[in-house]
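Residue numbers (the numbering used here): 349 to 615. Note that the Cβ used here is the ideal one computed from N, Cα and C, for glycine as well. Here's the structure we're looking at; comments come further down.
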Amino acid sequence: MSFQPVLPAGGLAGWRFLQRTLESQTAAFDKGVQITRDTDYFLETIGQIETVEQLVADRRLLRVALGAYGLQDEIDNRYFIRKVLEEGTADPDALANRLADDRFKTFSRAFGFGDFPVPNTGLSDFAPRVVALYRRQQFELAVGEQNGAMRLALNAQRQLPDLTESSSSDTTKWLRVMGTAPLREVFEVALGLPKSFGRIDLDKQLEVFQDKARAQLGIETFDDLAQPDIRDKLIQRYLLRNQVAEAAAPSAGAIALSLLQSMPRPG
């Protein structure tokens, strides 16, 4: 039987427990039979892959490749994935650059099929890097089966350091957050933004994200999120607000049910 993450509680209490035990829990999870089989196969085989056709034709390889970037639900969309990889990211009109979800761009750039004469699959450090991402993503998925908010918090904790270290402009980094659904959810909830927020003009969204982050997190630039205490503040605000919202939902439902039950019935 495969190891399942242990989450004795939700909210901040569960998050603190998970942080204390993260190293031991991920180590135990990574030893699972299916994880081991998939990652061993990827490590042994990916270096032989030279074309997009070879990759999308091998479901076991593709499962790890997509899963490493949080795109596991796209495994049956092989033609679409083939186009994302073949067109690369160098051309502004490439498919990956035109998609709202930036994970496709990260995925395509990592493999390099459309950007270089020889893909990155043959690099000595490529397979270990992808496998490490896949293991962490699978652990986060397993956590998410018990608590979706905890999964998103783990994802933010993993992705934000890489984003702050990139050479992109401050605006581009915010746009990356806005274009990556799991990260966007964390920021929207943590900053108290409504679900309808995504329907307003993109430039206005950017301005509001920056203003709210400045006021509530005390940051002047996106790169301030490189500081662990500020990232922790973001994640804690997300978990607290999410917990409050979840607690309020049943209450609202109970009130509605009570009102319905108290209505006079037709004679």
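Helix, strand or coil: how does DSSP classify residue i here?
i	result
Asp-549	coil
Ser-630	Nothing can be reported for residue 630: it is not among the residues displayed for the chain, which extend from 349 to 615.
Leu-419	coil
Gly-424	Position check: residue 424 holds Asp in this sequence, whereas Gly was assumed. Asp-424: coil per DSSP, three-state reduction.
Leu-333	Nothing can be reported for residue 333: it is not among the residues displayed for the chain, which extend from 349 to 615.
Pro-465	coil
Glu-594	helix
Val-354	coil
Gly-436	coil
Lys-378	Strictly speaking, residue 378 in this sequence is Asp, with Lys absent from that position. Note: Asp-378 maps to helix in three-state DSSP.
Pro-542	coil
Gln-396	helix
Gln-575	coil
Glu-568	coil
Phe-365	helix
Gly-359	helix
Ala-561	helix
Ala-413	helix
Asp-388	helix
Leu-447	coil
Asp-441	coil
Asp-580	helix
Using the rule of at least 16 other Cβ atoms within 10 Å of the residue's Cβ for burial, across every protein chain shown, is residue i buried or exposed?
i	result
Phe-464	exposed
Ser-303	Because the chain is modelled from 349 through 615, residue 303 falls outside the range shown and cannot be assessed.
Thr-519	exposed
Val-466	exposed
Ile-583	buried
Leu-607	Here the model assigns Leu-607 a pLDDT of 47, short of 50, so the residue's position is not dependable, and the following value carries that caveat. Label assigned to Leu-607: exposed.
Leu-500	buried
Arg-483	buried
Gly-436	buried
Pro-353	buried
Leu-573	buried
Ala-596	exposed
Gly-566	exposed
Met-611	Residue confidence for Met-611 is low, a pLDDT of 49 falling below 50, so the modelled location carries little weight and cannot support an answer.
So the candidates are the options; which of them puts its Cα closest to the Cα of residue i?
i	options	result
Leu-391	Leu-419, Gln-558, Gln-352 and Ala-480	Ala-480
Asn-495	Ala-357, Ser-350 and Phe-351	Ala-357
Val-592	Gly-566, Leu-366, Glu-555 and Val-537	Val-537
Gly-546	Ser-472, Leu-523, Leu-502 and Glu-568	Leu-523
Glu-488	Tyr-417, Arg-407, Leu-447 and Thr-393	Tyr-417
Gly-540	Arg-585, Val-354 and Ala-438	Arg-585
Asn-503	Glu-555, Gln-485 and Ala-561	Gln-485
Phe-377	Ala-563, Asp-577, Met-498 and Val-491	Val-491
Leu-403	Lys-552, Glu-493, Gly-470 and Leu-565	Gly-470
Leu-366	Gly-395, Ala-497, Phe-428 and Pro-542	Ala-497
Ile-397	Phe-428, Asp-441, Ala-413 and Phe-535	Ala-413
Phe-459	Asn-445, Phe-474 and Met-526	Phe-474
Asp-620	Glu-401, Leu-409 and Glu-371	Only positions 349 to 615 of the chain appear in the structure, and residue 620 is not among them; the question remains open.
Check your understanding: What are the uninterrupted segments assigned as alpha helix (DSSP H) that are 4 or more residues long and contained completely in the stretch 479-531, given in chain order?
Key -> 496-513 and 518-526
Review point. Within the chosen definition, does the stretch 497-510 reach the stretch 526-541 through at least 3 CB pairs nearer than 8 Å?
Key: yes
Exercise for review: State whether the stretch 427-440 contacts the stretch 449-461, with contact taken as three or more CB pairs (one from each stretch) at a distance under 8 Å.
Suggested key: yes
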